[in-house]
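Comments concern the structure below.
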Amino acid sequence: MKTALVIVFAVILTVPLLAFAGPPIDGIYTSTDLGGQVLLGRYSESWDVPDGRLQMGNTVNKLSWDGATLGTQWQLFCTRIGGPPVLITDTVDGNGNGFREWRVVYVAGDLVLDGNGPWGDGSEAFYNANLHAYQEIKTFQYVNNQIVQCISNVSLQAAFQGWDESCVTISILNQEELGSTNTASLPADYPPFLVPITCDPTRTLGSWGEVDEITLIVSGCTVPTEETTWGIIKSRYE
Amino acid sequence: MKTVMSFFAFVAAACLLAASAQAGAPLVGTYTSEGGQVSHGRHTESFANDGDFLTVGNAINAASWDGATLGVQWSYSCPDIMSTMLLADLVNPVTGDGQKIYKKTFSGGTFTMNGAGEAWDGGDATYTGVMNYYSETTTIIYSNFERVNAVTDITWSGYFNGPSYPCVQWAANGATLGDTSDGSMLPAGFPPFVNPMDCSTGRTHGIWWQDSDVTMTIFNCPVPVDESTWGGIKALYQ
Numbered sequence: 003m004k005t006a007l008v009i010v011f012a013v014i015l016t017v018p019l020l021a022f023a024g025p026p027i028d029g030i031y032t033s034t035d036l037g038g039q040v041l042l043g044r045y046s047e048s049w050d051v052p053d054g055r056l057q058m059g060n061t062v063n064k065l066s067w068d069g070a071t072l073g074t075q076w077q078l079f080c081t082r083i084g085g086p087p088v089l090i091t092d093t094v095d096g097n098g099n100g101f102r103e104w105r106v107v108y109v110a111g112d113l114v115l116d117g118n119g120p121w122g123d124g125s126e127a128f129y130n131a132n133l134h135a136y137q138e139i140k141t142f143q144y145v146n147n148q149i150v151q152c153i154s155n156v157s158l159q160a161a162f163q164g165w166d167e168s169c170v171t172i173s174i175l176n177q178e179e180l181g182s183t184n185t186a187s188l189p190a191d192y193p194p195f196l197v198p199i200t201c202d203p204t205r206t207l208g209s210w211g212e213v214d215e216i217t218l219i220v221s222g223c224t225v226p227t228e229e230t231t232w233g234i235i236k237s238r239y240e
Numbered sequence: 181m182k183t184v185m186s187f188f189a190f191v192a193a194a195c196l197l198a199a200s201a202q203a204g205a206p207l208v209g210t211y212t213s214e215g216g217q218v219s220h221g222r223h224t225e226s227f228a229n230d231g232d233f234l235t236v237g238n239a240i241n242a243a244s245w246d247g248a249t250l251g252v253q254w255s256y257s258c259p260d261i262m263s264t265m266l267l268a269d270l271v272n273p274v275t276g277d278g279q280k281i282y283k284k285t286f287s288g289g290t291f292t293m294n295g296a297g298e299a300w301d302g303g304d305a306t307y308t309g310v311m312n313y314y315s316e317t318t319t320i321i322y323s324n325f326e327r328v329n330a331v332t333d334i335t336w337s338g339y340f341n342g343p344s345y346p347c348v349q350w351a352a353n354g355a356t357l358g359d360t361s362d363g364s365m366l367p368a369g370f371p372p373f374v375n376p377m378d379c380s381t382g383r384t385h386g387i388w389w390q391d392s393d394v395t396m397t398i399f400n401c402p403v404p405v406d407e408s409t410w411g412g413i414k415a416l417y418q
């Protein structure tokens with residue numbers, strides 16, 4: 003009888019702890035190049051056709067990179083261009099020299115944060131958030147009508163699944179293109195090209211690069227102390 | 181006859197001088213920080229008063245940073261903000277969390293680049309030039325209506341000082357590191373705040389950034405023919 007009571011008591015104590023284990027911790031997190039703990043990353047953006055930049059359906063796959071392994075701390079994948087990009091700057095002259103900037107809005111996609119990352123207490127394996135806003139300002143540098151570089155500002159907003167609806171994350175980051183299938187093959191250790199919607203890693207065309215200068219904010223996730231739970235326990239054994 | 185001989189001697193000398201000067205021009209090519217040819221950097225944006233982020237008259241002062249010393253490889257200064265335009269407002273009006281994206285246009289500016297030993301070394305110890313375009317597209321992240329951080333795409337172009345010297349284009353990413361608006365002081369190791377127009381130091385308010393992902397392209401470009409020079413030469417010997 004005594005043993006049974008101890009077991010019941012232990013279970014009652016443990017269940018609330020599990021129930022309140024681990025929403026992501028509210029805070030501001032920055033990448034290592036800004037003095038923080040968030041890993042830098044690598045990305046790919048798949049195309050459906052050769053030289054298919056800025057096309058609807060192009061699909062992003064970004065993964066953290068610790069120097070050896072992709073995706074151990076964060077993954078942002080399967081957001082795709084959802085409408086025609088908007089040209090916001092065009093300084094390319096008659097000789098084909100200058101810059102073009104595009105605002106590109108994407109749809110769908112997920113952000114997964116490792117539960118042991120700086121936003122986690124280790125009680126959850128990971129946190130999954132659905133993207134509800136993602137866009138890039140893409141800047142192309144042209145010389146003689148050839149693209150010599152593409153850099154981007156990225157902004158995103160996402161809502162964590164399984165937690166209060168106020169539990170969200172927003173982020174900004176930079177990225178730099180390092181290559182494309184126009185001139186080379188996707189190197190090893192870069193995220194594979196994804197098919198839109200299904201997210202299968204079977205596309206073969208696209209571009210790739212690095213992700214840096216990340217600022218990520220988690221907010222609205224703090225769980226208030228549930229005093230009634232302890233009150234119930236106490237009342238049962240008084 | 182003597183006059184004619186002198187004229188041809190002068191022209192020959194002028195051609196030799198021009199050829200000599202051309203030999204010192206920076207070498208055409210694309211140079212990147214990723215490839216190790218161009219250093220990352222740091223820049224400041226001065227304010228007239230704290231809180232004047234995005235304000236007309238803010239002045240840029242940028243320099244390469246090798247981890248110990250500013251400006252060893254490159255520097256540029258005094259593009260001044262002429263206008264700012266809000267491209268997107270993604271801030272939640274209730275929580276104050278989200279991003280805003282701005283386009284900033286500038287005017288003015290000069291640049292200096294080390295020559296000796298650099299990948300673009302064409303013979304001159306130092307190269308100087310004039311910026312004829314400078315622009316930033318800046319994405320700012322807010323939490324509870326407070327600016328937390330910002331990333332920016334920097335693009336500029338210009339021409340090197342020198343007869344028939346080439347043009348240059350520059351694209352880089354940036355991220356904020358600090359701001360006097362919160363009471364912080366500009367740390368050592370950053371370019372000083374400068375006044376717009378005359379580029380003198382002395383301003384004490386502003387924001388400081390780190391610059392990364394640099395791609396610099398030096399390319400041949402049409403140079404306006406200075407007809408008065410040849411007219412002057414002809415006039416001397418007519």
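As given, the protein sequences belong to chains G and B, one line each in that order. Be aware that the first sequence starts at 3, since it is given in the working numbering, and climbs by one per residue. Be aware that the second sequence starts at 181, since it is given in the working numbering, and climbs by one per residue. Think of the CB as a built atom: it goes at the ideal place given N, C-alpha and C, for glycine as much as any other residue.
- Using a CB distance below 8 Å, the part of the region 113–142 of chain G facing chain B consists of 135, 137, 139 and 141, ordered along the chain.
- For residue 349/B, the pairing in a beta bridge is given by DSSP as 337/B and 397/B.
- A Cβ-Cβ distance of about 4 Å is found for the pair residue 352/B and residue 394/B, placing them in contact under the 8 Å criterion.
- Counting only Cβ-Cβ distances below 8 Å, residue 321/B has contacts in chain G at 157, 172, 173, 174, 217 and 219, in chain order.
- The straight-line gap separating the alpha-carbon atoms of residue 119/G and residue 137/G is approximately 24 Å.
- Using beta-carbon distances, residue 279/B counts as an interface residue toward chain G, with a partner under 8 Å.
- Chain-order list of chain B residues neighbouring residue 145/G: 210, 349, 397 and 399, by C-beta distance under 9 Å.
- Considering only beta carbons, the part of the region 211–227 of chain B lying closer than 8 Å to chain G consists of 212 and 214, in chain order.
- For residue 223/B, the enclosing beta strand (DSSP E) has its first and last residue at 221–227.
- Among the CB atoms of chain G, none fall inside 8 Å of the CB of residue 269/B.
- For residue 284/B, the closest Cβ of chain G is not nearer than 8 Å.
- Put simply, of 149/G, 197/G, 108/G and 217/G the residue whose alpha carbon is nearest the alpha carbon of residue 175/G is 217/G.
- About 6 Å separates the beta carbon of residue 388/B from that of residue 366/B, a gap short enough to meet the 8 Å contact definition.
- With a cutoff of 8 Å on beta-carbon distance, residue 286/B and residue 246/B are scored as not near each other.
- For residue 44/G, no chain B residue has a C-beta closer than 8 Å to its own C-beta; the minimum C-beta separation is roughly 13 Å.
- Closer than 8 Å to the CB of residue 314/B there is not a single CB belonging to chain G.
- Taking 8 Å as the CB threshold, residue 39/G stays off the interface with chain B.
- Runs of alpha helix (DSSP H) with 4 or more residues, each lying fully within the region 364–398 of chain B, are absent.
- Straight-line measurement puts the Cα of residue 185/G at about 39 Å from the Cα of residue 30/G.
- 141/G is the residue among 141/G, 86/G and 59/G whose C-alpha sits nearest the C-alpha of residue 101/G.
- When DSSP states are grouped into helix, strand and coil, residue 362/B belongs to the helix group.
- Going by beta carbons, residue 312/B and residue 253/B fall outside the 8 Å limit.
- By the Cβ rule, the region 337–350 of chain B does not count as touching the region 192–204 of chain G, because fewer than three pairs are nearer than 8 Å.
- Collapsing the DSSP output to three states places residue 112/G in a strand.
- Taking 3 residues as the minimum length, the beta strand (DSSP E) runs contained wholly in the region 126–196 of chain G are 128–145, 148–162 and 170–182, in order along the chain.
- Going by C-alpha positions, residue 114/G is about 44 Å away from residue 288/B.
- Collapsing the DSSP output to three states places residue 34/G in a helix.
- Taking residue 61/G as reference, the option from 162/G, 112/G, 33/G and 170/G with the minimal CA-CA separation is 112/G.
- When secondary structure is reduced to three states using DSSP, residue 325/B falls in the coil class, being assigned neither helix nor strand.
- Contact of residue 151/G with chain B is assigned, a C-beta pair being separated by under 8 Å.
- For residue 345/B, same chain residues with a beta-carbon under 6 Å away, outside a window of 5 residues either side, are 205 in chain order.
- Runs of the beta strand (DSSP E) spanning 3 or more residues and lying entirely within the region 59–126 of chain G occur at 61–67, 72–83, 88–92, 100–109 and 112–116, in chain order.
- The C-beta separation of residue 374/B from residue 239/B comes to about 5 Å, placing the pair in contact by the 8 Å criterion.
- Here residue 162/G has 129, 131 and 169 as same chain residues with Cβ atoms under 6 Å from its own Cβ, once five neighbours each way along the sequence are excluded.
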